[in-house]
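Heads up, the sequence shown is in UniProt numbering, so the first residue is 1 and it goes up one at a time. The next block holds one structure in the form of structure tokens; read it before the comments.
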Amino acid sequence: MNLDAVRTFVAAVDAGQFQDAAAALSITQQAVSKRIAALEKDLGVRLFTRTARGTHLTVDGQTFLPHARELLRAEARADASVRPGRRALRVDVHSRRIAPAVLLQDFHRSHPRIELDVVTLDADVHAAMAAVEAGTVDATFHAVTVAARHLPAAIRTTRVIDEHHELLVGPRHALANARFVTPAQLADHRIWMPGMAPGTEWADYYDELAAAFGLTIDLVGPVFGNEALLAEIADSAELATLAGERTRYLWPDSYDLRRVPVRDPAPIYPMSLIWRDDNPHPALAALRNHLGSRRVRAPGTEVWLPAWAHLT
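This is the structure we're talking about:
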């Protein structure tokens, strides 16, 4: 069905006369008549009766009118779904518990009129970057472990998150009541992180962290989910795990879990926003500016970064 003809039919109904509809559509009255005649021929019915006093909807015209309006609304929705600046900005956060999701929620609160489509691709940096390159998502958050010159030509990145660590322990753990712990202190304790996929950028990060400070990171054990991991840690005097300071966990009060900052030096997990340089969505610039303004490092804090964080 010709949507221009449908639009002309609705305009004629709203204007009351073909002449006024022509003015509203910036076409001639003859063009209005031709479009409506073609629509009537296509439908096989008369939509208007024409008398000396003007035109009036027939019964078929009255029946068709609400469907014609819905066709035009569907056209507008289809256009808005893909047009930059009118469709939602689609951003991958990998997990809704971690820092990117927290910062994206903060962005939404600061820019409530920008529509967001928040997704979790559950992919490493290479797969997520491929999704950005293919246009599946507008942006993603990941640690970038290679120099910019080795990235695909269209891909751009900027470091926006320096995530500090906390030690998560139960109330019977030896470090449960510490104000903070150092990486050197953690060398004597088992850090339990079951199910970490080898070959991912976060596995590379923890391998380098463990080598730098002599940590024992235990990956052994089936993965039953975060709830089961928290229950095990709460019930153990030996188990502990590392979490980002902005990672969101919920547990029953009876667990009495403790989140102890890691300092002197403070290990940093660096994450970048990744996008295509030719993506015209105007909300991308607003997101980048917002994230840039939120990236603040505490003055005087000694930090540790993996070697690849210094690549340019």
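Each residue gets a CB set at the ideal place from its N, CA and C atoms; glycine is no exception.
Asked, Found
"How many angstroms separate the CA atom of residue 92 from the CA atom of residue 141?", "7 angstroms"
"Give every residue of the same chain whose Cβ lies closer than 7 angstroms to the Cβ of residue 316, excluding the five residues on either side of it in the sequence, and list them in chain order.", "No answer is possible for residue 316: the residues shown for the chain start at 1 and end at 312."
"Have a look at residue 148 and residue 224 and give me their C-alpha separation to the nearest angstrom.", "37 angstroms"
"Is the region 276-290 touching the region 161-171, taking contact as three or more C-beta pairs under 8 angstroms?", "no"
"Since residue 48 sits in a beta bridge, which residues does DSSP pair it with?", "57"
"What are the uninterrupted segments assigned as beta strand (DSSP E) that are 3 or more residues long and contained completely in the region 112-161, given in chain order?", "116-119 and 139-142"
"Please go through the same chain and pick out, in chain order, the residues whose beta-carbon is closer than 8 angstroms to the beta-carbon of residue 151, but skip the five residues on each side of it.", "129, 144 and 157"
"Compute the Euclidean distance between the alpha carbons of residue 304 and residue 252, then round it to the nearest angstrom.", "33 angstroms"
"Could you check if residue 1 is buried or exposed, using at least 16 other CB atoms within 10 Å of its CB as the buried criterion?", "exposed"
"Who are residue 190's beta bridge partners in DSSP?", "216"
"Taking the alpha carbon of residue 201 as the point to measure from, which residue in 53, 288, 105 and 271 has its own alpha carbon closest?", "271"
"Residues bridged to residue 267 by DSSP?", "304"
"Using the C-alpha atoms, what's the distance from residue 163 back to residue 139?", "19 angstroms"
"Between the region 211-229 and the region 171-191, do three or more beta carbon pairs fall short of 8 angstroms?", "yes"
"Just to confirm my understanding: we take residue 25, look at its own chain, exclude 5 residues before and 5 after, and list those with CB closer than 6 angstroms. What are they?", "11"
"What are the boundary residues of the beta strand (DSSP E) that includes residue 243?", "240-244"
"Return the CA-CA distance between residue 288 and residue 45, expressed in angstroms with no decimal places.", "55 angstroms"
"Let me check understanding here. Comparing Cα to Cα, which of 232, 106 and 134 lies closest to residue 292?", "106"
"Smallest Cα separation from residue 109: which of 306, 286 and 65?", "286"
"Do residue 265 and residue 302 have their CB atoms nearer than 8 angstroms?", "yes"
"Could you tell me which of 137, 198 and 194 sits nearest to residue 239, measuring between CA atoms?", "194"
"Looking only at its chain, what residues have a beta carbon closer than 7 angstroms to the beta carbon of residue 58, apart from the 5 residues adjacent to it on each side?", "46, 47, 48 and 49"
"So the alpha helix (DSSP H) residue 100 belongs to, where does it begin and stop?", "99-110"
"Using a Cβ-Cβ cutoff of less than 8 angstroms, which residues in the same chain neighbour residue 119 once the five nearest sequence positions on both sides are dropped?", "90, 91, 92, 93 and 137"
"Rounded to the nearest angstrom, how far is the Cβ of residue 262 from that of residue 181, given a contact under 8 angstroms?", "6 angstroms"
"Taking the alpha-carbon of residue 207 as reference, which of 307, 41 and 19 has the nearest alpha-carbon?", "307"
"Quick check on the burial criterion: 16 or more other C-beta atoms within 10 angstroms. Buried or exposed for residue 8?", "buried"
"So what's residue 251 in DSSP terms, helix, strand or just coil?", "coil"
"What does residue 272 pair with, by DSSP beta-bridge criteria?", "142 and 159"
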